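Numbering (my numbering), first residue to last: 11 to 607.
Take a look at the structure:
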């Protein structure tokens with residue numbers, strides 16, 4: 011049976027709907043989410059140009075001021091002649107693609123053989139779109155940032171930290187993060203220099219250690235950058251990869267590994283260590299690194315140079331205050347798996363690394379190149395590639411509603427698998443698909459993009475950047491509503507304390523419904539109502555007995571939309587307790603499976 015895509019026929023919906031309504035009315039049972047909601051994919055859409063090229067390494071961003079405004083950066087992975095961006099103003103219904111840097115772009119590349127590598131995009135809390143990339147000058151790479159403000163064109167780029175004359179250096183393997191509250195932009199990168207320039211400054215800037223992991227911050231929207239802070243101590247002179255992240259309290263996290271020199275060479279058995287470092291002063295200084303895991307050097311058909319360069323890439327994302335998440339791929343038992351670790355105390359301690367995301371029946375598959383994203387309310391998503399023994403590759407997604415303590419069953423995102431042998435030269439058997447796929451969130455929903463070869467063959471080697479999730483195409487396109495920042499209902503004596511925070515200043519209506527009394531079904535019997543509230547309320551619980559209750563909070567948004575949240579509770583002996591989340595928030599996906607209790 012082919013499970014790559016299942017669609018529900020329109021003619022079946024009335025029957026299904028009637029059956030569900032009857033069942034709910036009889037049993038007063040509701041859809042259970044508990045972090046395991048299975049959402050059907052919208053149709054895949056290619057956002058890269060219709061050209062016989064190899065477009066790779068998407069980076070995804072969603073405008074927090076308008077979740078319908080999306081951006082995906084990607085590179086041309088064969089000749090690296092340009093770095094591009096696809097932008098949507100309507101939640102992904104239509105896309106406009108442009109070259110930002112290089113051939114056909116307003117921003118030129120330097121040198122006689124210009125190349126552009128590893129573009130990243132990010133939105134600031136004011137809607138500014140940042141674009142970070144690495145141009146290859148003769149023998150050197152640099153890290154540059156440009157910005158588009160108010161939906162306009164990109165400005166002239168800024169070097170995040172020029173080392174000054176007399177220094178022979180290269181900056182590469184960069185990452186970026188934006189503080190969701192202050193808008194402070196962080197760029198992290200590796201700097202390697204050699205004291206072969208016969209000027210004193212060149213020697214002084216390179217010794218005693220040739221390798222530095224640096225983080226520079228911009229407090230003015232990317233126009234200027236502060237002097238960078240060094241992350242790796244002098245006792246670890248060979249940082250290899252990095253990713254920077256920021257939580258919602260402004261704490262900065264950097265995941266990075268060592269072994270740039272010692273772990274090179276195909277099949278080298280020397281392990282590399284994955285570290286985490288944190289900064290509580292907006293990136294001005296970093297605490298000593300903490301050892302998170304020991305990784306095997308990347309070898310085999312999935313480790314195609316130069317992108318992997320014998321290291322399994324990893325990714326980090328910040329969450330609610332004190333929370334950050336790191337995911338990577340490694341090969342215990344000979345097959346690559348996705349690993350995950352989390353901190354909930356600002357990086358002081360981390361959970362033990364564990365394998366996540368092996369699809370059902372996929373024990374002989376390999377999972378690789380994961381990305382992690384976190385919603386404003388703390389839901390965690392991880393997307394990754396899954397390679398089958400027949401060289402067909404799919405994209406999977408898992409999610410967690412409890413800060414990574416548990417994850418859902420993996421669900422497939424792509425409609426059609428990719429032949430992993432189609433694309434630029436990679437390993438002996440597989441093509442090069444770049445170092446990453448892209449993952450972001452629009453409201454509480456995921457937005458994933460990946461490298462896809464369905465429109466290519468062995469001759470053309472064509473690859474496209476394809477998007478799924480909220481950015482899927484289709485006439486029934488919608489944008490998830492976002493009015494509440496958070497909702498919290500807690501028992502208070504024999505009643506309830508109902509609190510919320512808002513993303514927009516709109517009044518909130520609160521209703522409390524009693525659904526059952528013992529075994530007797532009551533339906534939606536309203537027992538309390540509060541209109542036009544701007545802050546928390548306390549309900550005494552008077553006039554209601556034991557049973558099952560639902561608290562509903564509703565906010566009407568500009569344009570007629572509304573954001574609705576519900577919390578289920580049980581009352582026994584006159585005391586309330588909160589039940590597991592019982593519904594899936596309104597979004598643009600279809601529910602394909604659910605559980606009744």
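Don't be surprised by glycine CBs; every beta carbon is placed ideally from N, CA and C. These figures come from a predicted structure and were not determined experimentally.
Strand pairing of residue i, partner residues [DSSP]
i	result
residue 108	95
residue 126	145
residue 181	201
residue 454	Note: residue 454 sits in no beta bridge, so no partner.
residue 377	396
residue 534	Beta-bridge pairing links residue 534 to no other residue.
residue 557	581
residue 573	565
residue 478	458
residue 505	502
residue 323	In the DSSP output, where bridge partners are listed per residue, residue 323 has none listed.
residue 283	304
Reduced DSSP secondary structure (H/G/I, E/B, other) of residue i
i	result
residue 342	helix
residue 170	coil
residue 187	strand
residue 423	coil
residue 60	coil
residue 21	Reliability fails at residue 21, whose pLDDT of 33 lies under 50, so the model's placement of it is uncertain and the value that follows must be treated cautiously. Three-state result, residue 21: helix.
residue 263	strand
residue 385	coil
residue 35	For residue 35, the pLDDT reaches just 39, beneath the cut-off of 50, and the residue's location in the model is therefore unreliable, although a value from the coordinates is still provided. It is helical.
residue 90	coil
residue 587	strand
residue 432	coil
residue 277	Legend: pLDDT at residue 277 = 47, less than 50; position of this residue unreliable, value from coordinates given subsequently. Residue 277: coil per DSSP, three-state reduction.
residue 473	strand
residue 484	With a pLDDT of 35 at residue 484, under the threshold of 50, the predicted position of this residue should be treated as unreliable, and no value is reported.
residue 292	coil
residue 499	strand
residue 252	strand
residue 349	strand
residue 547	strand
residue 50	Confidence at residue 50 is low in this model, with a pLDDT of 38, below 50, so its placement is unreliable and no value can be given for it.
residue 493	coil
Boundaries (first-last residue) of the beta strand (DSSP E) holding residue i
i	result
residue 360	No beta strand (DSSP E) holds residue 360; DSSP gives it neither H nor E.
residue 66	65-72
residue 521	518-527
residue 314	No beta strand (DSSP E) contains residue 314, which DSSP labels as neither H nor E.
residue 408	402-410
residue 164	Looking at the DSSP string, residue 164 is not in any beta strand (DSSP E), and its letter there is neither H nor E.
residue 330	Residue 330 -> no beta strand (DSSP E), and no H or E assigned at all.
residue 116	Unbroken run through residue 116: none, as it is neither H nor E.
residue 445	Careful: residue 445 lies outside any beta strand (DSSP E) and carries neither H nor E.
residue 302	300-305
Nearest neighbour of residue i, chosen from the options [CA to CA]
i	options	result
residue 96	404, 68, 399	68
residue 162	98, 468, 434, 554	98
residue 423	438, 443, 457	457
residue 339	357, 183, 313, 94	313
residue 544	516, 353, 470, 426	516
residue 383	359, 455, 376, 342	455
residue 567	513, 129, 418	513
residue 575	379, 563, 475, 581	563
residue 233	468, 428, 494, 141	141
residue 259	311, 190, 231, 537	190
residue 386	63, 75, 53, 65	75
residue 334	533, 412, 406, 308	412
residue 354	366, 336, 370, 367	336
residue 533	63, 181, 559, 366	559
residue 110	134, 287, 165	165
Beta-carbon gap between residue i and residue j smaller than 9 Å
i	j	result
residue 73	residue 160	no
residue 524	residue 557	yes
residue 473	residue 414	no
residue 224	residue 270	no
residue 197	residue 157	no
residue 241	residue 328	no
residue 236	residue 193	no
residue 341	residue 351	no
residue 390	residue 361	no
residue 169	residue 146	no
residue 518	residue 565	yes
residue 445	residue 462	no
residue 464	residue 426	yes
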